[in-house]
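Residue numbers (this note's numbering): 1 to 253. Beta carbons: idealized from backbone N, C-alpha and C, even for Gly. All remarks here apply to the structure that follows.
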């Protein structure tokens, strides 16, 4: 099996739910398999009403830890290290960036940063905190994965009220408001370095932690965000409006 199989399966599951409940014109799902957004955002970038989210699919849970490791993907390695050192970005990731992987015959979802941690029995977690002289960190612990139906329901929560402490998050459900989503993308690429090539051109990029090779990033983060919104808008324009039901569907005079 390939990661793209699970991406496509996600769309099938989502379509089945929408088919049962009625297509929602305010939902846009960008499948990023084999395109530039795959490397920039992950396998899927989604907007459900006012809620934005990202999903990275793997053929197994262990693939997330491999991806953020020193020999994994440089941007993801830098992101994970940043999440461990920036509590605000960690909070954004916990409701806006997910890992999707198969488990016990189901496609399940877990916050991306938490999917790196090994699963431990509750007793071991408590003993580790109480007995070890080691700073506690949320990302050292796994989260209980969500099955697709629970994930879908939380993203389709129609309550748009926002929290006050911390401010600006949805009070219920998951996903990020637009401002917070853009803030998270800034978190994803806070590590970009500026260098000047031999022609005097300013370049953004990252030095691969394993090889030392400088990998170019061909646009600024604001430009990347603008391009993502353009893709959302272009796809949204192809979605037909929900049909208006007849005024008298039962035919009663």
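Classify residue 147 as helix, strand or coil using the three-state DSSP reduction.
Position 147 of the chain shown, counted from the start, is the residue given in the question as residue 147. Strand, per DSSP.
Please say whether residue 25 and residue 289 have beta carbons closer to each other than 8 angstroms?
Because the chain is modelled from 1 through 253, residue 289 falls outside the range shown and cannot be assessed.
Identify which residue in 220, 21 and 13 has its Cα closest to the Cα of residue 242.
Working through the chain shown from its first residue, we reach residue 242 at position 242. Nearest C-alpha to residue 242: 21.
Which residue comes first and which comes last in the alpha helix (DSSP H) that contains residue 79?
What you label residue 79 is simply residue 79 of the chain shown in a count that begins at 1. Unbroken alpha helix (DSSP H) run through residue 79: 74 to 85.
Return the bridge partner residues of residue 56 from the DSSP annotation.
Here residue 56 refers to the residue found at position 56 of the chain shown. 99.
Helix, strand or coil at residue 216 according to DSSP, with G and I counted as helix:
Taking the chain shown and counting its residues from 1, the one referred to as residue 216 is at position 216. Note: residue 216 maps to strand in three-state DSSP.
One or two residues paired with residue 1 in a DSSP bridge
Locating residue 1 in the chain shown gives position 1, where the first residue counts as 1. Its beta-bridge partners do not exist; DSSP assigns none.
If you draw a straight line from the C-alpha of residue 36 to the C-alpha of residue 229, how long is it?
Looking up residue 36 in the chain shown gives position 36. Looking up residue 229 in the chain shown gives position 229. Roughly 14 angstroms separates the two Cα atoms.
Whole angstroms is fine: what's the gap from residue 49's alpha carbon to residue 27's?
Translated into the one-based positions of the chain shown, residue 49 becomes position 49. Translated into the one-based positions of the chain shown, residue 27 becomes position 27. Spanning the two alpha carbons is a distance of roughly 6 angstroms.
Take residue 173 as the anchor and find which of 5, 18 and 163 has the nearest alpha-carbon.
The residue you call residue 173 lines up with position 173 of the chain shown. The option with the nearest alpha carbon to residue 173 is 163.
Just the Cα atoms here: how many angstroms apart are residue 112 and residue 210?
Here residue 112 refers to the residue found at position 112 of the chain shown. Here residue 210 refers to the residue found at position 210 of the chain shown. If I take the Cα positions, the gap works out to 22 angstroms.
Would you kindly report the start and end of the unbroken beta strand (DSSP E) that includes residue 111?
Stepping through the chain shown from its first residue, residue 111 is reached at position 111. That run of the beta strand (DSSP E) goes 106 to 111.
Pair within 8 angstroms by beta-carbon distance, residue 68 and residue 80
Residue mapping note: residue 68 aligns to position 68 of the chain shown, counting from 1. Residue mapping note: residue 80 aligns to position 80 of the chain shown, counting from 1. Closer than 8 angstroms, so yes.
Go through its chain and collect everything with a Cβ distance to residue 72's Cβ below 6 angstroms, but skip five positions before and after it.
Against the chain shown, residue 72 aligns to sequence position 72. Once the five neighbours on either side are set aside, the close Cβ partners of residue 72 are 66.
To the nearest angstrom, report how far apart residue 3 and residue 63 are at their CA atoms.
Working through the chain shown from its first residue, we reach residue 3 at position 3. Working through the chain shown from its first residue, we reach residue 63 at position 63. Residue 3 and residue 63: Cα-Cα distance of roughly 10 angstroms.
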